[in-house]
Amino acid sequence: MQALRMKKRPSSRPELQACATIGQPLLMRAYADALAPHRLLAAQILLTSWDLDSRHIYENTRATLQTLLRQKRAVPVFNENDALSFEEIALLNAFGDNDRLSAHVAILAKADRLVILTDAPGLMSRPDGGGQLIRRVRKIDDKVLACAGGAGSAGSVGGMRSKLEAARIALARGVPVLIADGRRSGVLLESVKASVPGTWIAR
């Protein structure tokens, strides 16, 4: 939207998907620039919800991911293929946004945890983002969802509720989830040690 000098999020699907075609290469350039000083490469993998409905594509995607991870120098960057997929554009209940996509990727990768980074310390006890940090959730029920509030920002879809829905998907397949503050320095390294402040969602 910034590249096209748009002041607000478009409402029509063609406009949104046109924005996606411009935004995706800019996003990958940002990843490539950030990884280059560390001699790492950004590897782009675009998916739609129907890709993972196909067993053949599902297994092929997993094999591609495993090959990339064995390379040691590649950092896979998954994103929904918004130029083709209308689920995220229409806010339907497929991937819907990259939070849910991350849950499906964590399951596909047989990950030992899913870390979802946001601009909050984690799930807070009040829907307006105030109150106390909820450090542990064992079951995502209506009471927990009530703490999540509404949707995301004007420039994105999602929000804390979307992150909880993603956590529910991952948890159903045995993948624990951490929702943590992405602005915190060293948050990913801390998450490996399970020492980062945030909301752990696990049985």
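Numbering (my numbering), first residue to last: 32 to 234.
Ideal placement from N, C-alpha and C gives every residue a C-beta, glycine not left out.
In this text the structure is predicted, and so the values were computed from the model without any measurement.
| Check | Outcome |
| --- | --- |
| Euclidean distance between Cα positions of V146 and I210 | 6 Å |
| Cutoff 8 Å: A201 Cβ touching any chain D Cβ | Looking for chain D here will not work: only one protein chain is present. |
| Reduced DSSP secondary structure (H/G/I, E/B, other) of A233 | coil |
| Close-in-space but distant-in-sequence residues of the same chain around L123 (CB under 6 Å, 5 per side omitted) | Its pLDDT being 42, under 50, L123 is placed unreliably in this model, and the value from its coordinates should be taken loosely. Answer for L123: no residue qualifies. |
| Residue environment, H69, which counts as buried when at least 16 other CB atoms sit within 10 Å | exposed |
| T149 - DSSP class collapsed to helix/strand/coil | strand |
| For Q75, the first and last residue of its enclosing beta strand (DSSP E) | 72-78 |
| CB-CB length for S193 against R144, believed under 8 Å | With 8 Å as the limit, S193 and R144 do not qualify as a contact, their Cβ atoms being about 18 Å apart. |
| Run of the alpha helix (DSSP H) containing D64, from where it starts to where it stops | 44-66 |
| Local Cβ density within 10 Å of D84, reported as buried at 16 or more and exposed below that | exposed |
| Spatial distance of V188 from R40 (CA atoms) | Because the pLDDT of V188 is 47, which lies under 50, any placement of that residue in the model is unreliable, and the number read from its coordinates should be weighed accordingly. Near 10 Å, if we compare the C-alpha coordinates of R40 and V188. |
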